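When we follow the working numbering, the leftmost residue of the sequence shown carries the number 29, and every step to the right adds one.
Right, one structure below, let's go through it.
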Amino acid sequence: QSISLRKQATWLGHLEERRGRVTGLDIHSSIVVFTFHLVQDLCKVESAAPIGAGSESVFMSLHVTGSESVFMSLHVTGSESVFMSLHVTGSESVFMSLHVTGSESVFMSLDVTGSESVLMSLHVTGSESAFMSLHVTGSESVFMSLHVTGSESVFMSLHVTGSESVFMSLHVTGSESVFMSLHVTGSESAFMSLHVTGSESVFMSLHVTGSESAFMSLHVTGSESVFMSLDVTGSESVESGFMSLHITGQGFIHPTPIHPPLSPLHGL
């Protein structure tokens, strides 16, 4: 108890020292209230300390109990404000931060427990906004990002586990949209792409394993559609099959599949 009282006396002395330092300044808009709840010591200390000039104000609060502690801080000036919060319990901790100026605002959040951590960030200006999220556990991690401006939006996602990773991307503007996906495991990889504009759409797919690769493409416009497929294996007698289908409003052409040899494909 004597140690606790000594700490309180030291803190109050610190406040008095700071109060003395700003004597004579215009402190009408910069009164700061410190409130400390020390439940485990069965005492409460409240003190008001002017610690800033007329251009800024700072508020801080610390709340401590036997099972949790909460710290908050607010810093305000004529051009910006910054809020921070830290919440800690026996099993998790949560940090939040909000930074606001006349032209932008930035929010960040970090949540950490014994088994996972989550980070989030939101950045907003007059012309764009960007959101990011990272989720990490003992077995997987997931990253997401969304970027939006007046003319375009971009979404990205990356999912990683011990055995596979999946990446996705979506890009959208006023005239086109592009989607891409990449899936990778220990034994195979698959890539897909879809490109869409006002006049055409193009889909591509590439699938690769240890023994074969398959490529497909579909191109569609207002007047025609073209499908292509290429399948390559690596068996003792190298086998490759290529197909192409071209369709217009007047008919279609379907070339006979070619079974080897196609020497340029031998290297595949």
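Heads up, the beta-carbon is just placed ideally off N, CA and C, and yes, glycines get one too.
These figures come from a predicted structure and were not determined experimentally.
Apart from the 5 residues on each side of it in sequence, G214 sits with its Cβ closer than 7 Å to the Cβ of S191 in its chain, given in chain order. Between S133 and V152, the C-beta spacing is below 8 Å. The beta carbon of S203 sits closer than 7 Å to those of T225 and G226, all from its chain and outside the five residues before and after it, given in chain order. Between M271 and A242, the alpha-carbon positions lie close to 12 Å from each other. Note on S85: 16 or more other CB atoms within 10 angstroms of its CB, so buried under the neighbour-count rule. In the structure shown, G269 adopts extended strand secondary structure according to DSSP, grouped into three states.
Just so you know, the alpha carbons of V194 and M88 end up roughly 43 Å apart. If you look at S133, you'll find it in the beta strand (DSSP E) that goes E132 to T141.
Within the same chain, F195 and F219 come within 6 Å of L210 by CB-CB distance, once the 5 residues on both sides are set aside. Scanning its chain for C-beta atoms nearer than 6 Å, with the 5 sequence neighbours on each side dropped, one finds around F123 the residues L114 and L138, in chain order. Beta-bridge analysis with DSSP links T249 to E228.
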